[in-house]
Amino acid sequence: MSDPGNEFSEEAVVFVFEEAGELDAREQKAMADIDAGRFVTHEAVVRWLKSWGTDNELPPPKCGD
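Rendered as structure tokens:
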């Protein structure tokens with residue numbers, strides 16, 4: 022008869038490793054996007070946000086801005 026505690030522990034370890042693999046894949050995709058210039062700079066977002074409610078409101082920034 023197996024110990025339910027051990028089964029839970031094994032499932033938890035497998036889950037943690039699967040999650041880590043998913044994070045690695047997402048991180049790799051994010052790095053590829055950055056390398057390809059598919060991102061919006063912090064400065065561009067701040068300029069856009071500061072323009073809200075003004076007479077010269079800017080359009081949302083696009084990749085490469």
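The working numbering numbers the first residue of the sequence shown as 22 and each following residue consecutively. For each residue, glycine too, the CB sits at the ideal point set by N, CA and C. Since this is a predicted model, take the numbers as computed values, not measurements.
Check your understanding: DSSP three-state call for LEU79: helix, strand or coil?
Key -> By 1-based counting over the sequence shown, the position of residue 79 is 58. In the structure shown, LEU79 adopts coil according to DSSP, grouped into three states.
Practice item. Please check the pair CYS84 and ARG68, which I expect to be a contact at CB under 8 Å, by giving their CB distance rounded to whole angstroms. Key: By 1-based counting over the sequence shown, the position of residue 84 is 63. By 1-based counting over the sequence shown, the position of residue 68 is 47. With 8 Å as the limit, CYS84 and ARG68 do not qualify as a contact, their Cβ atoms being about 15 Å apart.
Check your understanding: Where does ASP86 sit, in a helix, a strand or coil, going by DSSP?
Key -> Here residue 86 is taken as the residue at index 65 of the sequence shown, counted from 1. Coil.
Review point. Do you know how far the Cα of LYS50 is from the Cα of GLY42?
Key: Reading the sequence shown from its first residue, position 21 is the one you call residue 42. Reading the sequence shown from its first residue, position 29 is the one you call residue 50. Roughly 12 Å separates the two Cα atoms.
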